[in-house]
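Colleague: Going by my numbering, the sequence shown opens with residue 15, and the numbers climb by one from there.
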Amino acid sequence: MLKVIFLVFMAGGIPVAIAMAGASLVYILGTGNLPPFVVVHRMISGIDSFPLLAVPFFILAGNLMNNAGITTRIYNFALALVGWLKGGLGHVNIVGSVVFAGMSGTAIADAAGLGTIEIKAMKEHGYSTEFAVGVTAASATLGPIIPPSLPFVIYGMMGNVSIGALFLAGLMPGLLMTVLMMLTVAYYAHKNGWGRDMKFSGPRLVKALSELAVVVGWPLLLWLVVAKLDLPAQPAVLVGLASLFVLDRIFRFEALLPIMTPVLLIGGMSTGLFTPTEGAIAACVWAMILGFAWYRTLSWKMFVKVCLDTIETTATVLFIVAAASIFGWMLTATGITTGIAEWVLGFTREAWVFLLLANLLMLFVGCFLEPTAAITILVPILLPIALQLGIDPVHFGLVMVLNLMIGLLHPPMGLVLFVLARVAGLSFERTTMAILPWLIPLLLSLVVITYMPKLFLWLPKMFF
15 MLKVIFLVFM AGGIPVAIAM AGASLVYILG TGNLPPFVVV HRMISGIDSF PLLAVPFFIL
75 AGNLMNNAGI TTRIYNFALA LVGWLKGGLG HVNIVGSVVF AGMSGTAIAD AAGLGTIEIK
135 AMKEHGYSTE FAVGVTAASA TLGPIIPPSL PFVIYGMMGN VSIGALFLAG LMPGLLMTVL
195 MMLTVAYYAH KNGWGRDMKF SGPRLVKALS ELAVVVGWPL LLWLVVAKLD LPAQPAVLVG
255 LASLFVLDRI FRFEALLPIM TPVLLIGGMS TGLFTPTEGA IAACVWAMIL GFAWYRTLSW
315 KMFVKVCLDT IETTATVLFI VAAASIFGWM LTATGITTGI AEWVLGFTRE AWVFLLLANL
375 LMLFVGCFLE PTAAITILVP ILLPIALQLG IDPVHFGLVM VLNLMIGLLH PPMGLVLFVL
435 ARVAGLSFER TTMAILPWLI PLLLSLVVIT YMPKLFLWLP KMFF
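1. Using the Cα positions of VAL260 and ALA222, report the straight-line distance between them to the nearest angstrom.
2. Just confirm the distance between the C-beta atoms of ILE449 and LEU423, as a whole number of angstroms; I'd bet it's less than 8 Å.
3. Any heavy atom of the ligand HEM closer than 7 Å to the beta-carbon of MET57?
4. In angstroms, rounded to a whole number, what distance separates the CA positions of VAL54 and GLY36?
5. If I measure Cβ to Cβ from ALA115 and keep anything under 6 Å in the same chain, skipping five residues before and after, which residues do I get?
6. Short of 6 Å in beta carbon distance, which residues of its chain neighbour ALA92, apart from the five on each side in sequence? Order them along the chain.
7. Below 8 Å CB to CB, which residues in the same chain sit around PRO394 once its five sequence neighbours on both sides are set aside?
8. For the candidate residues MET283, VAL69, THR150, ARG363, whose alpha-carbon lies nearest to that of VAL433?
9. Counting only the same chain and skipping the five closest in sequence on each side, list residues whose C-beta sits under 8 Å from that of ILE133.
10. From what residue to what residue does the alpha helix (DSSP H) around THR143 run?
11. Return the CA-CA distance between TYR309 and PRO276, expressed in angstroms with no decimal places.
12. Drop a sphere of 10 angstroms on the beta-carbon of HIS204, count the other beta-carbons inside from all chains shown, and report buried for 16 or more, exposed for fewer.
13. Pick out whichever of LEU245, GLY353, GLY231, ALA82 has its Cα sitting closest to the Cα of THR311.
14. Taking 8 Å as the cut-off, decide whether the C-beta atoms of ILE391 and MET414 are in contact.
15. Of all the options MET186, ALA256, GLY411, which has the alpha carbon lying nearest to the alpha carbon of ASN174?
16. Using the three-state DSSP reduction, which class does ARG266 fall into: helix, strand or coil?
17. Is the CB-CB distance between ILE463 and LEU416 below 8 Å?
18. For PHE306 and LEU164, which I take to be in contact (beta-carbon distance under 8 Å), what is that distance rounded to the nearest angstrom?
19. Can you tell me whether ARG363 is helix, strand or coil according to DSSP?
20. Can you check whether the CB of PRO70 is closer than 8 Å to the CB of ILE177?
21. Can you tell me which of THR86, VAL22, MET15, LEU39 puts its alpha carbon nearest to the alpha carbon of ALA338?
22. Between the alpha carbons of MET34 and LEU453, how many angstroms are there, rounded?
23. With which residues is LYS100 paired in a DSSP beta bridge?
24. Work out the CA separation of VAL253 and ALA387 for me, nearest whole Å.
25. Using only CA atoms, which one of GLY104, PHE166, LEU375, LYS100 lies nearest to LYS137?
In C-alpha cells:
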C-alpha cells in the first residue's frame, strides 16, 4: 500500500520530497498502527547527523568559488594547458570541469558556472552550439565523481559508508572519464578537420605545467618532510601553505591556489587531520581567503547573496533527505525492502547480473528524479542486496552516483538539460539531441567502473 500511495502522488506531479513524506503519513493514518508524530520525529532524526553538516558547507564553498571569479581563472589555466590542441576549446571545457569539480561537488554548479563562459567562447570560435552544449553537459558529470562530491556525502550518510573512502575512490574514475571525453573531442576534431583555437605558446604551457607540478609535488614534499625528517605535522603544513602563497605571488600563477582545493581536502582526510565534515568547513575558509584576501574579488554584498543562495539550496537538499528518512524507515518497517531483496536474490545470485539490473534501474530512475532524492530512495533498497552478494559498498556508491549523473542529461527531468538550454539559448529538444552522442563515453565509463572495480578501489583501501 505504501509504494502504491507514493506512486500515485508522483503520478499526480507532487514534488518527490512531499510525495515521500505524504505517502508515509497517509499510510500511518490509514493503518492506525503508529501515531502520526512518528513522521515528524523520523524526519528530524534523519537530518540530525554530523556527516550531513558537510552538505551546506560544500555547497557554500562551491558558491563562493563560483562567485569570486575563480571560474575565469580555471578557464584561462585550461586554455593555456590544452587550448592549442586541435579542437582545443573542447579539451579546455573538459579540463576546466576537472578542476572545478574539485571545488563545487555538483554537476549543476559546474554546468551553470563554467558552462556560461565555455559555451560563449566556443560559439565565438565557430563551434556549433550543439557541440558546445554536448561537451559542457558531459564534462559537468565529473563534478560529483571527482572529490569533493555532494552525492557521495548523501550516499555515505544513507549507507553508513566512509565518505573519505568514497572521495578517494572517485579520483581514478574521474580520470578515466576525462580521458574518454577528450578522446571523443579528438575524434570530432579529426572528423571535422578542426584546427587549433589558439597559437601554441611555449611559455604559457610551461607556466601551466609548472602549476600542475606544484600541485603534485607539494603534498609529496610535505609528506617527505613530515615522515622522513620527523618534523611536527601542523607547523610543516602551515609553512607549506605559506610557501604556496609566496610562489603564487612571485610567478603570478593563474589557478594554482584554486587547484589546490581538492589536494588539501583529500590530504587532510587521508591523514586524519580532519573529517569530511570538517574538510567542508576548511574548503569554505579556503574559498573565503582566496575571495576576500588574496584575489579580492569577493565583496560582503556578494557574500550575503552567496549565503542566501546556499541556504535555499541546502534547505531543498535536506528536506529531501528528511522525507527520505521516514520513507526509507517505512519501507523497512513494512518489509518492502526485505521482499525486494528476496525477489532479486531468488532471481539471481550472480553479482554481475545484479549490477546489470541495478544499472538499468538507476539509469531509468535518474531520468525522473534528481540525484539526492534518487539516492535516498535507492540506497535502502539496493545496498543491502549488494552487500549480500559481496559487492563493495564503496564500489556500489561509485556505480550509483555515475548512473544518476548520466540521468541528469536525460529528459524528462534532466536538470543539466534545463540549465544548459537556458545558458545556450537552445530549445529543450535541440539540447537533448546535442547531448546524445556524449552518452557513449559516459556509458563506456560506466561499464568499466561497474565490472572492473579493482582498477579504482586500490586507492581508498590504502587509507581506509
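All residues carry an ideal CB built from backbone N, CA and C; glycine is no exception.
Modeller: Taking the geometry as given:
1. Between the C-alpha atoms of VAL260 and ALA222 there is a straight-line separation of about 17 Å.
2. Rounded, the Cβ-Cβ distance is 5 Å, consistent with contact.
3. Of ligands this structure carries none, so the ligand HEM is not represented either.
4. If you take the alpha carbons of VAL54 and GLY36, they lie about 11 Å apart.
5. LEU156, GLY157, ILE160, listed in sequence order.
6. Listed in chain order, the non-local C-beta contacts of ALA92 below 6 Å within the same chain comprise VAL106, VAL109, GLY110, local neighbours out to five positions each way being set aside.
7. Cβ neighbours of PRO394 beyond the five flanking positions: MET172, GLY342, LEU345, THR346, THR351.
8. Nearest in C-alpha terms to VAL433, of all of MET283, VAL69, THR150, ARG363, is THR150.
9. Once the five neighbours on either side are set aside, the close Cβ partners of ILE133 are THR143, ALA146, VAL147, THR150, LEU434, VAL437, ALA438.
10. In this chain, the alpha helix (DSSP H) harbouring THR143 covers 143-154.
11. Within the model, the alpha-carbon separation for TYR309 versus PRO276 is close to 19 Å.
12. Exposed, by the Cβ-count rule.
13. For the residues LEU245, GLY353, GLY231, ALA82, the minimum Cα distance to THR311 belongs to ALA82.
14. No, they are not a contact pair.
15. Of MET186, ALA256, GLY411, the residue nearest in Cα terms is GLY411.
16. Coil at ARG266, not helix or strand.
17. With a cutoff of 8 Å on beta-carbon distance, ILE463 and LEU416 are scored as near each other.
18. Between PHE306 and LEU164 the beta-carbon gap is near 24 Å, outside 8 Å, which marks them as no contact.
19. If DSSP states are grouped into helix, strand and coil, ARG363 belongs with coil.
20. With contacts defined as CB atoms closer than 8 Å, ILE177 and PRO70 fail to qualify as a contacting pair.
21. ALA338 has its Cα closest to that of LEU39, out of THR86, VAL22, MET15, LEU39.
22. Cα to Cα, MET34 sits roughly 30 Å from LEU453.
23. By DSSP's assignment, LYS100 forms a beta bridge with ARG210.
24. ALA387 and VAL253: Cα-Cα distance of roughly 43 Å.
25. Ranking GLY104, PHE166, LEU375, LYS100 by Cα distance to LYS137 puts GLY104 first.
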